[in-house]
Amino acid sequence: MPVKDRKALAILRTLELAGEPLGSTRLAEELSDQGIDLTERAIRYHLRRLDEEGLTEACGRDGRRITPQGRQELADAGVSDKVALVNAKLERLAYQTDFDLTTHEGRVVVNICLLAEATLPAALQAMRPVFASRLCTSDLVRVYPPGEVVGESEIPPGKVGLGTVCAVTVNGILLHQGIPMHSEFGGLLELEAYQPVRFTDIIHYGGTSLDPLEIFIKGHMTSVTPAAQGEPGKVGAGFRVIPAAAREQFLTLTEEMAAAGIRGLAAVGRPGQPLLEMPVPMDRVGVILYAGLNPGAAVEEAGIETENKAMTDLVDYAELVSYRKL
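Residue numbers for the sequence shown follow the working numbering, so the first one is 56 and each next one is one higher.
Okay, here's the thing in structure tokens:
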């Protein structure tokens, strides 16, 4: 039975994001952080309904957890809810990023490229030129073996997950340095001899229920591999804006991020001036960042079946290694 009550959907989403059973008290706290005020009594009422519909199940004294049917219900939720969820997830992960540029400690956001374990060597080979050309956020990666949980899912048997640093990490680092960075859209950026030329396709984050780069990769619209070799090609990139007053500090921070292996800056504009023909508001500066999913796009281009998921999880920076060590 479709769940049309937004409060019930919010409970399902909270349980899914938690990845563990939650009781009514903890649920009330988590929902309050999202701006949803529900009493524990009201939450118990919704949970009983969700139990009856098979969307949640009791776990003894630990509370409730979401069922596979509940996850499917979230996947089938209204488009307007999904659009809001994409933006909310981006902002939440940026806020939760706590990487310290001085100590190089803390968490960063990762994407996941899921593929058959047997294809891992070929996949890494396809990714290497992308990492080497720096057409992505970082050349640091994490391998997730079968059975390991990443984000809201477990790596299935026979599969392996390759975690690449997500560009939302940059949003998070800037946020904690006092610079608000707004993500406008994701798009395909045309390159010639490694130089950005123009955006050929864009999808605004405020108008999509899916991550733009996931769409472009599955639609076989990228040509990251030739671009990584200096030939004409199209790569994933995100368009951001920051306050004009923060431009110089931003450029300084990009150098500090680069020292930690976090790069991905394709272009930065001038205050109030268009960047690659994209309009920028007054007192703002346009910034273009290469997508962290570009290595995964190269794997798909190589004919290796993948499932690429953006903004999958937060991972401790210490768990990441250079692709050269794999």
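For every residue, glycine included, the Cβ atom is placed at its ideal position computed from N, Cα and C. This structure is a prediction, so every number in the text was calculated from the model and none was measured.
Could you give the C-beta distance for residue i and residue j, rounded to a whole number, given that I count them as a contact under 8 Å?
i    : j    : result
C221 : P350 : That pair is no contact at about 12 Å.
L170 : E360 : 7 Å
L86  : L93  : 6 Å
M236 : L229 : 5 Å
I258 : N363 : Between N363 and I258 the Cβ distance is about 15 Å, and since that is not below 8 Å, they are no contact.
V340 : P329 : Incorrect: roughly 11 Å between the Cβ atoms, too far for contact.
L344 : L320 : 6 Å
V370 : V342 : No, V370 and V342 are not in contact; Cβ-Cβ is about 24 Å, not under 8 Å.
D256 : V141 : Going by Cβ atoms, the distance from D256 to V141 rounds to 17 Å, so no, they are not a contact pair.
A113 : E95  : The Cβ separation is near 16 Å, so there is no contact.
Give me the Cα-Cα distance between residue i and residue j, rounded to the nearest whole angstrom.
i    : j    : result
L148 : G285 : 33 Å
T277 : S79  : 45 Å
G226 : F294 : The amino acid at residue 226 is misidentified as Gly; the sequence shows Asn. Their backbone Cα atoms lie some 12 Å apart in a straight line.
A181 : D153 : 31 Å
L110 : P200 : 28 Å
R126 : A292 : 29 Å
A353 : R183 : 9 Å
S238 : R99  : 37 Å
F240 : P123 : 31 Å
S377 : F186 : 9 Å
N372 : A97  : Looking at the sequence shown, residue 372 is not Asn but Tyr. If I take the Cα positions, the gap works out to 39 Å.
C168 : R119 : 30 Å
R61  : I91  : 10 Å
P57  : A299 : At P57 the pLDDT is 48, less than 50, meaning the model places this residue with poor confidence; the figure from the coordinates comes in the next sentence. One C-alpha to the other measures close to 46 Å.
R269 : H159 : Contrary to the premise, residue 269 reads as Glu rather than Arg in this sequence. Looking at the two C-alpha atoms, the distance is approximately 29 Å.
V279 : G358 : 13 Å
I121 : I234 : 36 Å
L72  : G115 : 20 Å
R379 : P281 : 20 Å
D117 : E108 : 20 Å
M366 : A346 : 11 Å
K144 : E209 : 19 Å
G274 : E247 : 22 Å
A63  : A173 : 41 Å
D368 : A315 : 19 Å
R81  : D88  : 11 Å
D155 : L175 : 31 Å
T263 : Q232 : 29 Å
A301 : D338 : 10 Å
V198 : R189 : 19 Å
Count the other CB atoms, across all protein chains shown, that sit within 10 Å of the CB of residue i; report buried if there are 16 or more and exposed otherwise.
i    : result
K289 : buried
L381 : exposed
E303 : exposed
Y457 : A question about residue 457 goes unanswered here, because the residues of the chain that appear run from 56 up to 381.
R68  : buried
L306 : exposed
R318 : buried
L375 : buried
A157 : Checking the sequence shown, residue 157 turns out to be Thr, not Ala. Exposed: under 16 other Cβ atoms inside 10 Å.
E355 : buried
P287 : exposed
I66  : buried
A283 : buried
G261 : exposed
E75  : exposed
L70  : buried
Beta-carbon of residue i versus every beta-carbon of chain D: anything under 9 Å?
i    : result
A187 : In the displayed structure, chain D is absent; only one protein chain is listed.
Extract the residue ranges of the alpha helix (DSSP H) inside the stretch 286 to 352, only unbroken runs of 4 or more that lie entirely within it. Within the stretch 286 to 352, complete alpha helix (DSSP H) segments of at least 4 residues are found at 302 to 314, given in chain order.
Check whether the stretch 310 to 317 and the stretch 207 to 215 are in contact - that is, three or more C-beta pairs closer than 8 Å. The stretch 310 to 317 vs the stretch 207 to 215: no contact.
Segment contact flag, the stretch 177 to 196 with the stretch 218 to 236, C-beta cutoff 8 Å, min 3 pairs: Flag = yes, the stretch 177 to 196 and the stretch 218 to 236 touch.
Quick test of the definition: if touching needs 3 or more C-beta pairs under 8 Å, does the stretch 85 to 103 touch the stretch 120 to 132? Three or more Cβ pairs closer than 8 Å define a contact, and the stretch 85 to 103 falls short of that threshold against the stretch 120 to 132.
Hey, is the stretch 155 to 166 in contact with the stretch 326 to 334, meaning 3+ C-beta pairs nearer than 8 Å? By the C-beta criterion, the stretch 155 to 166 is judged not to be in contact with the stretch 326 to 334, since fewer than 3 inter-stretch pairs fall below 8 Å.
Threshold first: 3 residues or longer. Then list the beta strand (DSSP E) segments lying entirely within the stretch 165 to 207, N to C. Taking only runs of at least 3 residues, the beta strand (DSSP E) segments lying wholly in the stretch 165 to 207 are 195 to 199.
Identify every run of the alpha helix (DSSP H) within the stretch 80 to 159, keeping only runs that are complete inside it and at least 4 residues long; order them along the chain. As far as the stretch 80 to 159 is concerned, its whole alpha helix (DSSP H) runs of at least 4 residues are 95 to 107, 123 to 130, 134 to 151.
Please determine if the stretch 243 to 252 and the stretch 203 to 210 are in contact, where contact requires at least 3 C-beta pairs separated by less than 8 Å. A contact is defined here as three or more CB-CB pairs under 8 Å, and the stretch 243 to 252 fails this definition with respect to the stretch 203 to 210.
Pick out the complete alpha helix (DSSP H) segments inside the stretch 237 to 281, 4 residues or longer, and give them in chain order. Runs of alpha helix (DSSP H) with 4 or more residues, each lying fully within the stretch 237 to 281, are found at 267 to 273, listed in chain order.
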